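In terms of the working numbering, the sequence shown opens at residue 198 and continues consecutively. Glycine included, each C-beta is placed from N, C-alpha and C at the ideal position. Given the structure is predicted, the values throughout are model-derived calculations rather than measurements. Down below is the structure, laid out as structure tokens.
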Amino acid sequence: MNAGHELSVATPATPRLAGPARAALVCTLLYLFLVGVGLLQSGIEGLGSSFTDGLFRGVDNPFVGLLVGILATVLMQSSSATTSTIVGLVAAGVLPVSDAVPMVMGANIGTTVTNTIVSLAHMRQSHEFELAFSAATMHDAFNVLAVAILLPLELSTRVLSTLARDIAGLLSGGASGGTFDSPVKGAVVWGGARVESFFGFFTDHATALGALSLITGIVLVFVTLAFITKNMRVLVANRIERTLNAALQRSSVVGIVIGAIVTMAVQSSSITTSILIPLVASGILLLRNAYPITLGANVGTTITALLAALSTGEVDALTIAVTHTLFNLGAIAIIFPYPRLRYLPVTMAQKLAALAVRRKPVAVSYTVVMFVVLPLLGILILR
């Protein structure tokens, strides 16, 4: 740890709690943080649900499809929800596979907005904010780079969708499909539902309910993150930090596997990547060690669409779900083996974070322009 972190741990303002009590406090704060993220997501979805209904239809321009995928995922606050919707539309014959491919790529970019918003909660502490914003935007940068490489390749050769169709043909013969419940996600949804049911006593208007959920989610995220970061520094000793980072440094594959497994378990890449933000901001997890975990989250989040596709019994639906998985695996296979290319997203994120620390409005402007203004303008101009 640096000197600033040591001072934070030793400060008299930090209550002296026993290890188990502090661990329980951190777990409680993490749960409330995730409830806040859930409310943030459902609030945005509630405000934008009427707009997303017709967003996917009538899109035959691949670049518009990419932007639709970004904007729809921002509004629905879940790439799993977006890709599952796309799978359903493909299964129903409303959306051709060729039009759906750019949309699922766009969903990969749009899903990173949650952890970017979460990182803004650290703006009052410059050092924490620089680390948090870097951790969030390196995910943005990787997914943009992946699309820049693989979308032109797919449009010119159809390599991903062709391979996906072959795999879907093999899988569809004996696949029965189905879904599974994540206890973590279920607990978070339960907490969010309790809050929303409380708001329901005051209003049954969807827009008002969405706004209340959004505001409450933002408050919960900001407040809990401040306490999580402070208590994690005390709870996690230097030895544990060194062990964790050493294990991830020895093999980046370990980080990718961890990210994929955790995301499959909770069925949300936003939960996985949002939890990384306070870990990196507090110095517990090094930025470069958090990086492969976010890439694993990209792979893990495709499980929901795969299960949805298997349950439809439609080869086209399974094709688009497998395409999404192949896109994320292909991006890792192309970018990650080469050190200069591998850490380009991290370098880009660090430079953007350094600028955002000097000029705080840059961080907010980046988030709004990248995830809302540019996609919306592009759709309106090109569609």
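Any non-hydrogen atom of the ligand FMN within 7 Å of residue i CB
i, result
"T421", "The model on display carries no ligand, and the ligand FMN is accordingly not part of it."
Where residue i sits in the DSSP three-state scheme
i, result
"K548", "helix"
"H402", "coil"
"Y228", "helix"
"F377", "Caution applies to F377, whose pLDDT of 42 falls short of 50 and renders its modelled position unreliable; the value that the coordinates give is listed next. It is coil, neither helix nor strand."
"S275", "coil"
"F253", "coil"
"N525", "helix"
"S479", "coil"
"S448", "coil"
"L417", "helix"
"Y563", "helix"
"A269", "helix"
"Y488", "helix"
"V291", "coil"
"R556", "coil"
"G456", "helix"
"T282", "helix"
"T309", "coil"
"S466", "helix"
"P259", "helix"
"G397", "coil"
Span separating the alpha-carbon of residue i from that of residue j
i, j, result
"R447", "H336", "21 Å"
"S373", "V385", "With a pLDDT of only 39 at S373, under the threshold of 50, the placement of this residue in the model should not be trusted, and no figure is reported."
"V450", "M302", "23 Å"
"T499", "M461", "8 Å"
"A502", "L577", "28 Å"
"T282", "S276", "10 Å"
"A318", "L417", "10 Å"
"L411", "V565", "16 Å"
"P217", "Y228", "16 Å"
"A593", "I472", "Residue 593 lies beyond the stretch modelled for the chain, which goes from 198 to 580, so this question has no answer here."
"K557", "S323", "10 Å"
"A210", "R555", "Caution applies to A210, whose pLDDT of 44 falls short of 50 and renders its modelled position unreliable; the value that the coordinates give is listed next. The alpha-carbon atoms of A210 and R555 are separated by roughly 28 Å."
"A443", "A457", "20 Å"
"L573", "L268", "7 Å"
"V570", "G452", "33 Å"
"P542", "N525", "15 Å"
Whole-number beta carbon distance between residue j and residue i, since they are thought to touch under 8 Å
i, j, result
"R580", "V294", "In fact, because the Cβ distance is near 20 Å, the residues do not count as touching under 8 Å."
"A551", "E327", "7 Å"
"L231", "T413", "Going by Cβ atoms, the distance from L231 to T413 rounds to 13 Å, so no, they are not a contact pair."
"T469", "V459", "5 Å"
"G362", "T516", "The amino acid occupying residue 362 in the given sequence is Arg; Gly does not appear at that position. Yes, they are in contact, since the Cβ atoms of R362 and T516 sit about 5 Å apart, within 8 Å."
"I474", "S316", "5 Å"
"S239", "G389", "6 Å"
"V477", "G366", "Not a contact, Cβ separation roughly 42 Å."
"A528", "L347", "6 Å"
"L342", "G575", "Rounded, the Cβ-Cβ distance is 19 Å, inconsistent with contact."
"L357", "T225", "Contact flag wrong, Cβ pair sits at about 43 Å."
"V287", "A514", "5 Å"
Test: residue i CB closer than 8 Å to a CB of chain D
i, result
"S466", "Reference to chain D is not applicable here, since this structure consists of a single protein chain."
Every unbroken alpha helix (DSSP H) inside the segment 491-518 [4 residues or more]: Counting only runs of 4 or more, we get 500-509.
message: Please give me, in chain order, every unbroken run of the alpha helix (DSSP H) with length at least 4 that falls completely inside the segment 321-365.
response: Scanning the segment 321-365 for uninterrupted alpha helix (DSSP H) segments of 4 residues or longer gives 323-354, listed from N- to C-terminal end.
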